[in-house]
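Written below as structure tokens is the structure these notes are about.
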Amino acid sequence: MSKKKTIRCIVAFWILIIGIFIFFLLNVAIGSVRIDISQIVKSLFSNSTDPTVSTIIWNIRLPRSVAVIILGGALALSGYLLQTFFRNPIAGPFVLGISSGAKMCVALTMVFLMSNSLKSNSLTLVVSAFVGSLISLGFVLLLTKRIKSMSMLVVCGVMIGYICSAITELVVTFASDADIVNLHNWSRGSFSGITWSNVEIMTVMVFVSFIVVLFLSKPLDAYIIGDSHASSMGVNIKALRVGIVILSSILSACIVAFAGPISFVGIAVPHLIRKLFNTNRPIIMIPASFLGGSVFCLFCDLLARNILSPTELNISTVTAVFGAPVVIIILLDKKKKTMD
Amino acid sequence: MSVFYFSTKELVVGYDNKPLIKNIDIGVNKGEILSIIGPNGAGKSTVLKSIAKQLESISGCIYLDSKDMQNISSSELSKKMAVLFTDRIKGEMMSCEEVVAAGRYPYTGRFGILSENDKKIVEETMKTVGIYDLKDSDYSKISDGQKQRVLLAKVLCQEPQIILLDEPTSFLDIRYKLEFFSVIEKMKKEKNLTVIMSLHELELAKSISDKVLCLKGEYVDRFGTVSKIFDRDYICELFGINDSLGSFALDKNIGLF
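Here's what the structure looks like:
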């Protein structure tokens, strides 16, 4: 890498880190109850504060903000992996129907297996979301054998998403009233109600996946250039593909299990990060997409909680407003390139 | 066991277990150039892909440096054999230098970070191929002729003993063709590089190769030295040039090779 590129990367990383720091503080401070920065600091480092403020910070806002950082990062990383896998800039867990598949399996599990309390057993939910992700990704993979075009792939993904949503709706129709309330809130996507024990599980899962992905950055680097190049470099392409599928499914499963399906983060963030860093090298894109996803989701969650406060918007409403235009720009950009 | 640096024994290649070309028996010494010629669809690329282990061969053996290629691990092979095939390379948001450096893959560590030595080799190779001035250019924005030179530098960066090229110069103009082969010739002389390539340009094949493999449909038609192969009657037969086409070529003074 040239010096100019290295400097650009360092600056961009700092922008993301500072962004996370600022939005994290804002997320803890702003809400239906406003808390001064000085009070936050006091409550974090000593116990001598108002117990209500302390409860709001420790039991509600902190776990939520930490979860947003972890899940937002995981979502963007999963999007980057899928884009690399399909060599398609508009791939992502939501458009390919993977989130909807996970949602379907989680809904089935909630209604039929654990009808009493939502999120009481988050590991079960994660596992069922993972199974759902793999099922829909499997369908998409079967279809890609026949379809080569980038837009057709997305259309198929959206269709799979609709089928899964239809099944989810069907399940909801037969669910008991208490379940419906839970399911309804969750199925629209929201970071609310996340507890520290949820945070523990997602931290472990996402951290382990992240490290594994980071160790795949070298073969991914060769894979991006092309199949022939990768195999002549001694990369086991089949094993790499299986690895990407499993990792991106685990990551999307985590998000769906804890926050429901969230749209557009997976597509938009890696694209914005690619432009910001001006590179597509996995060794940079993997950590950068993660940080970018965290910043983006912190920002969107801040808006979701506060625009119509005390009513909370679901997170996809906000992410779509900022993410969908990015997708349109990517498509226009592609069109321009092919016409050149 | 063979005395050749690279050889095949009763090699049968094809797709989906359907044999396409049978009984390929060739041998190439170190520092020799072997050209594969034959009409379109004769299976030149199939042979190259099988040799590169990108396509599983149906039966027979391939020996490299007196070792059965089946017993050479893919990472070991990547330090010995480099390939430049016709697949388009995606170099989105990569500078030419980064594309060339991708050839150092077999030598870099866990995260693929280049050492000082790697950087030096990348720089030297770019200078040898004459593309050092393209170093910071965006790979996706340079011309096809320049792309092919960047890819040649990538392949040479891999420090191979043997390289496989599939129609490397088909889309290049005459100047780039000459430049390309001058580099190949130089590497052959200086590094004793062995080259196996498919070629459409018979006149180039005739002047640059040491040995020629002629493919025609299902079998190896001939294998031998240049003087044995390049005979007007034989070339006409190989490519199915009938009498009227042959006399047309003579009439207009179009050289076949």
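As you go down the protein sequences, you meet chains B and P in turn.
For the first sequence, this note's numbering puts the final residue at 545, and the numbers step up evenly by one.
For the second sequence, this note's numbering puts the final residue at 283, and the numbers step up evenly by one.
Positions of the beta carbon are idealized from the N, C-alpha and C atoms, including for glycine.
From a predicted model like this one, the values you see are computed outputs, not experimental measurements.
Go through its chain and collect everything with a Cβ distance to tyrosine 158 of chain P's Cβ below 6 Å, but skip five positions before and after it.
-> Met152.
Is it buried or exposed for isoleucine 533 of chain B, if we count other Cβ within 10 angstroms and need 16 for buried?
-> Label assigned to isoleucine 533 of chain B: exposed.
Comparing alpha-carbon positions, which option in B:Ile303, B:Gly224, B:Pro256 lies nearest isoleucine 550 of chain B?
-> This structure leaves residue 550 of chain B out entirely; chain B is present only between 206 and 545.
Does the separation of the CB atoms of proline 45 of chain P and lysine 106 of chain P fall below 8 Å?
-> Lysine 106 of chain P sits away from proline 45 of chain P, with the two beta carbons spaced by 8 Å or more.
Does histidine 476 of chain B get closer than 8 Å to chain P when you measure Cβ to Cβ?
-> No, because no Cβ of chain P sits closer than 8 Å to the Cβ of histidine 476 of chain B.
Whole-angstrom distance between tyrosine 165 of chain P and aspartate 91 of chain P, CA atom to CA atom | Taking the straight line from one Cα to the other gives about 35 Å.
Local conformation of tyrosine 31 of chain P per DSSP, three classes | DSSP places tyrosine 31 of chain P in coil when its eight states are reduced to three.
How do the segment 482–495 of chain B and the segment 431–445 of chain B stand: do at least 3 beta-carbon pairs fall below 8 Å, yes or no?
-> By the Cβ rule, the segment 482–495 of chain B does not count as touching the segment 431–445 of chain B, because fewer than three pairs are nearer than 8 Å.
Between the C-alpha atoms of aspartate 255 of chain P and glycine 266 of chain P, what's the straight-line distance to the nearest angstrom?
-> As written in the sequence, residue 255 of chain P is isoleucine, which differs from the aspartate given in the question. One C-alpha to the other measures close to 15 Å.
Beta-carbon separation of methionine 223 of chain P and isoleucine 62 of chain P under 8 Å?
-> With contacts defined as CB atoms closer than 8 Å, methionine 223 of chain P and isoleucine 62 of chain P qualify as a contacting pair.
Closest by CA to leucine 419 of chain B, which one among B:Ser248, B:Val363, B:Ser453, B:Glu405?
-> The closest CA to that of leucine 419 of chain B, considering only B:Ser248, B:Val363, B:Ser453, B:Glu405, is found on B:Ser453.
Contact list for methionine 119 of chain P against chain B, beta-carbon separation under 7 Å = Simply Arg479, Asn483, Thr484, Asn485.
Do you know offhand how far serine 392 of chain B's Cα is from leucine 103 of chain P's?
-> Serine 392 of chain B and leucine 103 of chain P have their alpha carbons spaced roughly 50 Å apart.
Measure the beta-carbon distance from alanine 458 of chain B to alanine 334 of chain B and round it to whole angstroms, keeping in mind my assumption that it falls under 8 Å.
-> Right, the Cβ-Cβ distance comes to about 4 Å (below 8 Å), so this counts as a contact.
Below 9 Å between beta carbons is the criterion; list the residues of the segment 131–146 of chain P that meet it against any residue of chain B, in chain order.
-> Listed by position, the residues of the segment 131–146 of chain P near chain B (Cβ gap below 9 Å) are Tyr131, Pro132, Thr134, Gly135, Arg136, Phe137, Gly138, Ile139, Leu140.
Mark proline 475 of chain B as exposed unless 16 or more other C-beta atoms lie within 10 angstroms of its C-beta, in which case mark it buried.
-> Under this definition proline 475 of chain B is a buried residue.
Simplified DSSP assignment, three categories, for lysine 153 of chain P | Note: lysine 153 of chain P maps to helix in three-state DSSP.
Can you name the start and end residues of the beta strand (DSSP E) that proline 256 of chain B belongs to?
-> Note, proline 256 of chain B: premise wrong, no beta strand (DSSP E); alpha helix (DSSP H) at 256–260.
Rounded C-beta distance between isoleucine 520 of chain B and aspartate 506 of chain B? I'm assuming under 8 Å.
-> In this structure, isoleucine 520 of chain B and aspartate 506 of chain B form a Cβ contact; the two beta carbons are roughly 6 Å apart against a cut-off of 8 Å.
Are cysteine 310 of chain B and valine 273 of chain B close, meaning C-beta to C-beta below 8 Å?
-> No. Outside cutoff.
C-alpha distance - glycine 306 of chain B paired with valine 363 of chain B, whole-angstrom precision | Those two C-alpha atoms are separated by around 11 Å.
4 or more residues per run - each alpha helix (DSSP H) lying fully within the segment 448–500 of chain B | If only complete runs of 4 or more residues are kept, the segment 448–500 of chain B shows the alpha helix (DSSP H) at 470–482, in order along the chain.
Proximal chain P residues relative to phenylalanine 426 of chain B, where beta-carbon distance stays under 8 Å = A quick correction: the sequence has aspartate, not phenylalanine, at residue 426 of chain B. From the beta-carbon of aspartate 426 of chain B, the residues of chain P found nearer than 8 Å are Ala128, Tyr131, Gly138.
Among P:Ile50, P:Lys56, P:Glu227, the one whose alpha carbon lies nearest that of phenylalanine 197 of chain P = Comparing Cα positions, the closest option is P:Glu227.
Where arginine 393 of chain B falls: helix, strand or coil (DSSP) | Looking at arginine 393 of chain B - three-state DSSP - the assignment turns out to be coil, as it is neither helix nor strand.
Go through its chain and collect everything with a Cβ distance to valine 447 of chain B's Cβ below 7 Å, but skip five positions before and after it.
-> Within the same chain, valine 447 of chain B has no close Cβ partners at all.
Assigned exposure category for glutamate 58 of chain P - 16 Cβ within 10 Å defines buried | Its Cβ being crowded by 16 or more others within 10 Å, glutamate 58 of chain P is buried.
Is the distance from the Cβ of lysine 180 of chain P to the Cβ of valine 126 of chain P below 8 Å?
-> For lysine 180 of chain P and valine 126 of chain P, yes; Cβs fall inside 8 Å.
Select from B:Phe317, B:Cys361, B:Ser356 the residue whose C-alpha is nearest the C-alpha of alanine 380 of chain B.
-> The shortest Cα separation from alanine 380 of chain B among B:Phe317, B:Cys361, B:Ser356 belongs to B:Phe317.
Quick one: what does DSSP say isoleucine 223 of chain B is sitting in, helix, strand or coil?
-> Helix, per DSSP.
Residues of the segment 265–296 of chain B with Cβ closer than 8 Å to any Cβ of chain P, in chain order = Listed in sequence order: Arg292.
Under 8 Å between C-beta atoms of threonine 378 of chain B and alanine 312 of chain B = No, the pair does not count as a contact, with Cβ atoms beyond the cut-off.
Closer than 7 Å at the beta carbon, the chain B residues around lysine 173 of chain P = Within chain B, no C-beta atom comes nearer than 7 Å to that of lysine 173 of chain P; the closest sits roughly 13 Å away.
Starting from lysine 423 of chain B, find everything on chain P with Cβ-Cβ shorter than 8 Å and list it in chain order.
-> Those within 8 Å of lysine 423 of chain B in chain P are Tyr131, Thr134, Arg136, Phe137, Gly138.
If you compare alpha carbons, which of B:Trp219, B:Val216, B:Ile235 is closest to alanine 509 of chain B?
-> Comparing C-alpha distances from alanine 509 of chain B to each of B:Trp219, B:Val216, B:Ile235 shows the shortest one belongs to B:Ile235.
So which residues of chain P does serine 436 of chain B contact, with C-beta pairs closer than 7 Å?
-> Under the 7 Å cutoff, chain P gives Gln80.
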